Structures are given as structure tokens and as C-alpha cells.
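Counting with UniProt numbering, you get residues 1 to 290 for the letters of the sequence shown.
Everything below concerns the one structure shown next.
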Amino acid sequence: MKALLRRARTYEGRGLTILTGRRVTGLELDQEGRAVGVKVTTNGNEEVLFADVLVLATGAWSSSLFPDESFGLAKLMQATGHTSLTVQLTPEEYQLYKNVPTLFDKETDLYTMPPTPSGLLKWGLHHKGAVSTHGVSTPRTGLSKDNTSPLDSTARIGVDGAGASCAVPKRMLKPMRDAMRKLYPDIADRDFASSRICWYADTIDEDWIIDYHPDHPRLLLATGGSGHGFKFLPVLGRVIADRLENKLEDEARELFSFTRARSGEHVERIGESFEIVEDELTSSVDLKAM
């Protein structure tokens, strides 16, 4: 988030206008049915933002924003939720682990990254992920071991709102502890400091979609990060800009094409996909070590 905010401030200084507080509700179409703008609401008031070129980089919201089969996006990607957890290190442990690089264990699909200056060590599983085919109006979000009240009681699990900010499926706690014992056995069996669902915009082949929609020549889609888009933040904007200006090299253009050939088989990850159920989300008690 800090990286994105820093980028936003940089571009504002170069003349970019950032409009906040607006909720995208759909596309504005012309008489020929082609996108010419986006519909947004602000405090219940609807307006249309018109543009010569529309760039939609809506991440895990993408397939739910445009669920119509005729649009074609929902069959190309799906929002999947992936659990991440943190533990609090002591000052001595922080000194021990502060220079540990980002790790990815292919055997367990567990990843970790260096601890924060405050001593929070995060890990997660790059697995098949959980799905939410329905909205849940009042999930228990914002939970940590010292917090039992929601940060946002109106947030929805799933692609509408990108999910519960801290409550995670209980079924993920044991496999994540088991995987952590392999890399950090000395700290794997303590209370979790916090938990979060990280939402992927998964495509079948895990390659991104950066392309003009075949039925909407003024609409450029930039989505389908598939859990590995953020690490390309320093260069991803250039790829999108090159496609916007029709300067992207042919190989990359085909790789990120909306209409590219796909095998129909999802890239293999461990575990099984499952439906998120509100009653099966963690509470602060569940984050404590047993």
C-alpha cells in the first residue's frame, strides 16, 4: 500500500488527477454498444466519467464488475482468496531474522518475507485459494489476537470489496502452521498477531490480461495478476502503457492477449479450492496457539 501511495503522490505532482470516494458500477455504452465511459456513484449519486481511452485495472473485482457472459471476462479469470498470517518477533528474534530474504518453498507453496521494523513476520500459502460466489454482508473482519471488533462491518467477502480484511478460513490455520514448522520451527507455534485474506485475480494460465477488449476498442483491460503481479510494480506500468499506445512487442502482446489460446487446465497449485463460509472464519480466539 505504501508503494502505491508513493506512486500516486509522484504522479499527482506530474499533473495526474486522482478521484477518490467513487464506486464503479458499470460501463457507459454508446448507441453501438461500445464502452465510452464508466458509471460511478458518490454518496448515492450516479455520474458518468467519459474518456477517449478507458483503462480498467480492477484486480480481483474484475470478474464481478463485469459478470455478463457476453463480456467474456468472467470465464477467463476468478477471484481466489489466500490466507496470510503474521507472528510478532521479540527484539532479539528481529535481529536474527531481519536479513532473511523473501523465500518460496515449492514443496509446501509457503512464502515468507523479511520482518517489518516493528518485528512482524508474515507468511502465506500460494495455494489454489478460496472462492466466494456470494456476498456476505457482515463478515467478522479486522480481527487480531487483541481485537474482537470489526474494522468494517459492511465489507463483503469475495470480489465485491475484495474480502474480509483480517478474518480468514479456520481450515487454513493448521496447514500453514505445519508448513511454517519446516522453515521457522522455533516460532511456528506461537499466537498469530494478525491474519488477512489476500485476493488474487487468477487467470487459468497465470499470465496477465493486458489488452483491448475485442468488442470495445476504447477499453483497455489490465488485470489477472494471479498472485504475482505486484512484484512487477516498477515495470508493469510501462507494459500497460506500451499496449495502450500499441507499442508492445508481438511476443508480449500475444502473452497478455484477451483472446490468447488457453489450455483449459489451471496451473497446478497445492491444496483444494473451497467456498468461503462466514461461520467458518476465524475469531481472535482462533489466532491463539493451541
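All C-beta atoms in this analysis are idealised placements derived from N, C-alpha and C, irrespective of residue type, glycine included.
As the structure is a prediction and not an experimental result, all values here were calculated from the model.
For residue 188 and residue 181, which I take to be in contact (beta-carbon distance under 8 Å), what is that distance rounded to the nearest angstrom? 4 Å
Drop a sphere of 10 angstroms on the beta-carbon of residue 158, count the other beta-carbons inside from all chains shown, and report buried for 16 or more, exposed for fewer. Here residue 158 scores only 34 on pLDDT, less than 50, and its place in the model should not be relied on; the value that follows carries that caveat. Buried: at least 16 other Cβ atoms inside 10 Å.
Just tell me which of 119, 178, 129 has its CA closest to the CA of residue 108. 178
Report the residue from 219, 231, 284, 251 whose alpha carbon sits nearest the alpha carbon of residue 50. In terms of Cα proximity to residue 50, the closest of 219, 231, 284, 251 is 219.
Under the DSSP definition of a beta bridge, which residues are partnered with residue 234? Paired residues: none, contrary to the question.
Beta-bridge partners of residue 198, as assigned by DSSP: According to the DSSP secondary-structure assignment, residue 198 is paired through a beta bridge with 82.
Tell me whether the beta-carbon of residue 192 lies closer than 8 Å to the beta-carbon of residue 87. yes
Determine the DSSP secondary structure at residue 289, reduced to helix, strand or coil. coil
Measuring straight from C-alpha to C-alpha, what distance separates residue 76 and residue 90? One Cα belongs to residue 76, the other to residue 90, and the distance between them is close to 44 Å.
Determine the burial state of residue 68: buried for a count of at least 16 other Cβ atoms within 10 Å of its Cβ, exposed for fewer. exposed
Alpha carbon to alpha carbon, what distance is there between residue 99 and residue 2? When the Cα atoms are used, residue 2 and residue 99 turn out to be separated by approximately 21 Å.
Where residue 113 and residue 32 are concerned, what is the direct C-alpha to C-alpha distance, given to the nearest angstrom? CA-to-CA, the gap between residue 113 and residue 32 works out to about 49 Å.
Can you check the stretch 22 to 89 for any beta strand (DSSP E) of at least 3 residues that lies completely inside it and give the ranges in chain order? With a minimum length of 3 residues, the continuous beta strand (DSSP E) runs that stay inside the stretch 22 to 89 are 23 to 29, 35 to 42, 45 to 50, 54 to 56, 77 to 88.
Give a yes or no on whether the C-beta atoms belonging to residue 57 and residue 252 are separated by under 8 Å. no
To which residues does DSSP link residue 187 through a beta bridge? DSSP, once it has assigned bridges, lists no residue as partnering residue 187.
DSSP state of residue 220 mapped onto helix, strand, coil: strand
What would DSSP say about residue 3, mapped onto helix, strand or coil? helix
With DSSP as the reference, please indicate the residues paired to residue 308 in a beta bridge. Within the shown structure, residues of the chain are numbered from 1 to 290, placing residue 308 beyond reach of any answer.
Leaving out five residues on either side along the sequence, give the residues of the same chain with a beta carbon under 8 Å from the beta carbon of residue 52. 218
In this structure, how does DSSP classify residue 122 when only helix, strand and coil are distinguished? strand
Is the beta carbon of residue 202 sitting closer than 8 Å to the one on residue 129? yes
Can you find the residues in the same chain that come closer than 8 Å, C-beta to C-beta, to residue 42, ignoring five residues on each side of it along the sequence? Closer than 8 Å at the Cβ level, and outside the excluded window around residue 42, lie 21, 22, 23.
How close, in whole Å, do the beta carbons of residue 244 and residue 38 come, if the pair is a contact with beta carbons under 8 Å? Not really, about 16 Å apart at Cβ, beyond 8 Å.
Can you name, in chain order, every residue of its own chain whose Cβ lies under 6 Å from the Cβ of residue 224, other than the five neighbours on each side? 77, 201, 203, 208, 209
What number of angstroms, rounded off, separates the C-alpha of residue 121 from the C-alpha of residue 237? About 29 Å.
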